[in-house]
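Input: a single structure, listed below in structure tokens.
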Amino acid sequence: MEFIITDTYEDMSRVAADVIAEQITTKPASVLGLATGSTPEGLYAQLVADHKAGRLDFSQVISYNLDEYRGLSHDDVQSYHYFMNKHLFSGVNIDIQNTHVPDGSNPDSEDACNQYEQMIAQAGGIDLQLLGLGHNGHIGFNEPADIFPKTTNCVALTQSTIEANSRLFDSIDDVPREAYTMGIGTIMAARKILVVANGQGKAEIVKRAFFGEVSPQVPASILQFHPNVVVVVDKQAASLCMA
Ligand code: GLP
745 MEFIITDTYE DMSRVAADVI AEQITTKPAS VLGLATGSTP EGLYAQLVAD
795 HKAGRLDFSQ VISYNLDEYR GLSHDDVQSY HYFMNKHLFS GVNIDIQNTH
845 VPDGSNPDSE DACNQYEQMI AQAGGIDLQL LGLGHNGHIG FNEPADIFPK
895 TTNCVALTQS TIEANSRLFD SIDDVPREAY TMGIGTIMAA RKILVVANGQ
945 GKAEIVKRAF FGEVSPQVPA SILQFHPNVV VVVDKQAASL CMA
């Protein structure tokens, strides 16, 4: 595991964007696994700036997002589909047909999850998977559990995740209670993984995930077993790892 500590959020975003840019430059038809949340917003802005400056071509890139709220349609402003269009897809020359987000509008969870898993397999798997970290160690929406879920699955969100994500909704009652997410097996099958985290609020979970015991109670801890992981965190998020 490569563990990079940066001074600021902007530096974290630049370093992480460079890892993605290098992937796309080396393999223009890369399959990227993408993430939502506040953490990657800065790196997406960097990628858009790189594209607009003529340094980065997304024309052959294929993308699969980690997760989506169950029950939200693609054009719902709270959907992760909408988030991706706003923060990345609309700012670069990616072919929108090559972008994929689990279908939150499909009420048949088994069908939605199986289809998504099959699509990723048909694309040849993920070259580079970007991940943020939930405060409880969730990756995608794989919440702390007794086992590591293998494939794309439907999860009931924990109360702490509902509360954390309610900041983006008008009211906590509007936060969907379920989501479709790539499984831990889906994520671990990616050939390379890039994790980003920033701020003091993530310090405890960064320490537990990358320097603690590997356990499905801290889903991100499994990444310690992946052979090709780059973790980029700002110094606040790394503050408990430096003792
Ligand atoms: C959400 C997403 C995760 C994300 C996490 C952290 O629940 N499903 O993929 O990593 O929140 O979000 P943030 O970056 O806003 O802290």
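Under the working numbering, the first residue of the sequence shown carries the number 745, and numbering increases by one thereafter. Beta carbons: idealized from backbone N, C-alpha and C, even for Gly.
Mind listing, in chain order, the residues whose beta carbon lies closer than 6 angstroms to a non-hydrogen atom of the ligand GLP?
The filter returns A779, T780, G781, S782, T783, L810, D811, G876, L877, G878, G884, F885, T905, N909, in chain order.
Going by DSSP in three states, C898 sits in which element: helix, strand or coil?
Strand, per DSSP.
Member of C985, F885, P851, Q944 whose CA lies at the smallest distance from the CA of S817
It is P851 whose Cα lies nearest to the Cα of S817.
Look up V973 in the DSSP assignment and give the residues it is bridged to.
Per DSSP, I937.
Give the range of the beta strand (DSSP E) segment to which G777 is assigned.
Note, G777: beta strand (DSSP E), 775 to 778.
What residues match up with F747 in a beta bridge as DSSP calls it?
Partner(s): V975.
With H879 and G945 assumed to form a contact (beta carbons below 8 angstroms), what rounded beta-carbon distance in angstroms separates them?
Confirmed, Cβ separation roughly 7 angstroms.
Give every residue of the same chain whose Cβ lies closer than 6 angstroms to the Cβ of Y808, excluding the five residues on either side of it in the sequence, and list them in chain order.
G777, H844, I864.
Rounded Cβ spacing between V899 and E887 (contact assumed at less than 8 angstroms)
Contact annotation, V899 with E887: C-beta distance approximately 6 angstroms; criterion of less than 8 angstroms satisfied.
Note the first and the last residue of the continuous beta strand (DSSP E) segment covering N809.
Unbroken beta strand (DSSP E) run through N809: 806 to 809.
Looking at Y824 and Y813, is the spacing between their C-beta atoms short of 8 angstroms?
Y813 places its beta carbon less than 8 angstroms from that of Y824.
Would you call I870 buried or exposed, if buried means 16 or more other Cβ atoms sit within 10 Å of its Cβ?
Counting Cβ neighbours within 10 Å, I870 comes out buried, since at least 16 surround it.
I'd like to confirm the pairing. Which residues does DSSP put opposite V962 in its beta bridges?
Beta bridge pairing from DSSP links V962 with S959.
First and last residue of the beta strand (DSSP E) that includes T925?
922 to 925 is the extent of the beta strand (DSSP E) around T925.
Per-residue burial, A797 [other beta carbons within 10 Å of its own, 16 or more giving buried]:
That one is exposed.
If we call anything under 8 angstroms between Cβ atoms a contact, is P960 one with F892?
Their beta carbons are under 8 angstroms apart, which means P960 touches F892 by this criterion.
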